[in-house]
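To keep things clear, I will list the structure first and then write my remarks on it.
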Amino acid sequence: MNRSQSSHCELALKYGLQHNVSDASLPPKLEDIKKQLKEEIRKELKIKEGAENLKKATTDKKSSIKC
1 MNRSQSSHCE LALKYGLQHN VSDASLPPKL EDIKKQLKEE IRKELKIKEG AENLKKATTD
61 KKSSIKC
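Per UniProt numbering, the very first residue in the sequence shown carries number 1; after that it's consecutive.
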(Lines of atoms letter the chains of each structure in order from A and count residues from 1; the text may use other names and numbers.)
(Lines give C-alpha, C1' and ligand atoms only; values in the text may rest on other atoms or scores of the structure.)
Protein backbone atom coordinates (compact mmCIF):
# COMPACT_ATOMS: atom_id res chain seq x y z
CA MET A 1 0.00 0.00 0.00
CA ASN A 2 1.47 3.36 -1.00
CA ARG A 3 1.26 6.57 1.01
CA SER A 4 -1.77 7.89 -0.89
CA GLN A 5 -3.74 4.70 -0.36
CA SER A 6 -2.77 4.69 3.30
CA SER A 7 -4.03 8.26 3.73
CA HIS A 8 -7.27 7.40 1.93
CA CYS A 9 -7.85 4.39 4.18
CA GLU A 10 -7.12 6.46 7.27
CA LEU A 11 -9.61 9.16 6.24
CA ALA A 12 -12.16 6.53 5.25
CA LEU A 13 -12.01 5.01 8.71
CA LYS A 14 -12.09 8.37 10.48
CA TYR A 15 -15.13 9.68 8.60
CA GLY A 16 -17.04 6.46 8.04
CA LEU A 17 -16.41 6.09 4.33
CA GLN A 18 -16.22 2.72 2.71
CA HIS A 19 -12.85 1.72 1.27
CA ASN A 20 -14.40 0.92 -2.07
CA VAL A 21 -16.13 4.28 -2.61
CA SER A 22 -16.32 5.06 -6.31
CA ASP A 23 -14.89 8.28 -7.68
CA ALA A 24 -18.39 9.41 -8.67
CA SER A 25 -19.86 9.08 -5.18
CA LEU A 26 -16.89 10.58 -3.36
CA PRO A 27 -17.54 14.33 -3.93
CA PRO A 28 -20.99 14.32 -2.26
CA LYS A 29 -19.60 12.39 0.69
CA LEU A 30 -16.71 14.81 0.98
CA GLU A 31 -19.12 17.75 0.92
CA ASP A 32 -21.05 16.18 3.80
CA ILE A 33 -17.82 15.76 5.75
CA LYS A 34 -16.85 19.35 4.95
CA LYS A 35 -20.20 20.62 6.27
CA GLN A 36 -19.82 18.53 9.41
CA LEU A 37 -16.32 19.84 10.06
CA LYS A 38 -17.39 23.45 9.52
CA GLU A 39 -20.26 22.98 11.97
CA GLU A 40 -17.90 21.50 14.58
CA ILE A 41 -15.49 24.41 14.10
CA ARG A 42 -18.34 26.95 14.43
CA LYS A 43 -19.47 25.25 17.63
CA GLU A 44 -15.97 25.34 19.11
CA LEU A 45 -15.56 29.00 18.18
CA LYS A 46 -18.88 29.87 19.87
CA ILE A 47 -17.75 28.04 23.01
CA LYS A 48 -14.45 29.94 22.94
CA GLU A 49 -16.23 33.26 22.39
CA GLY A 50 -18.60 32.54 25.27
CA ALA A 51 -15.71 31.70 27.59
CA GLU A 52 -13.93 34.92 26.61
CA ASN A 53 -17.10 36.95 27.18
CA LEU A 54 -17.61 35.33 30.57
CA LYS A 55 -14.03 36.07 31.57
CA LYS A 56 -14.38 39.67 30.39
CA ALA A 57 -17.67 40.12 32.26
CA THR A 58 -16.28 38.76 35.52
CA THR A 59 -13.10 40.84 35.16
CA ASP A 60 -15.11 44.00 34.42
CA LYS A 61 -17.36 43.32 37.41
CA LYS A 62 -14.37 42.97 39.73
CA SER A 63 -12.88 46.22 38.39
CA SER A 64 -16.08 48.16 38.90
CA ILE A 65 -16.45 46.97 42.50
CA LYS A 66 -12.99 48.29 43.44
CA CYS A 67 -13.80 51.84 42.27
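C-beta: ideal position from N, C-alpha, C; glycine also. Here the structure is a predicted model, which is why all the values come from computation and not from measurement.
S63 beta carbon near the ligand GTP (any heavy atom closer than 7 Å): Ligands displayed in this structure: none; no statement on the ligand GTP is therefore possible.
* To do: Kindly indicate which three-state DSSP category D23 falls into: helix, strand or coil?
  => coil
Check your understanding: Taking C-beta to C-beta, are K29 and L37 nearer than 8 Å?
Key -> no
- Grab me the residues of Y15's own chain with a C-beta within less than 7 Å of its C-beta, minus the 5 sequence neighbours each way, in chain order. I33
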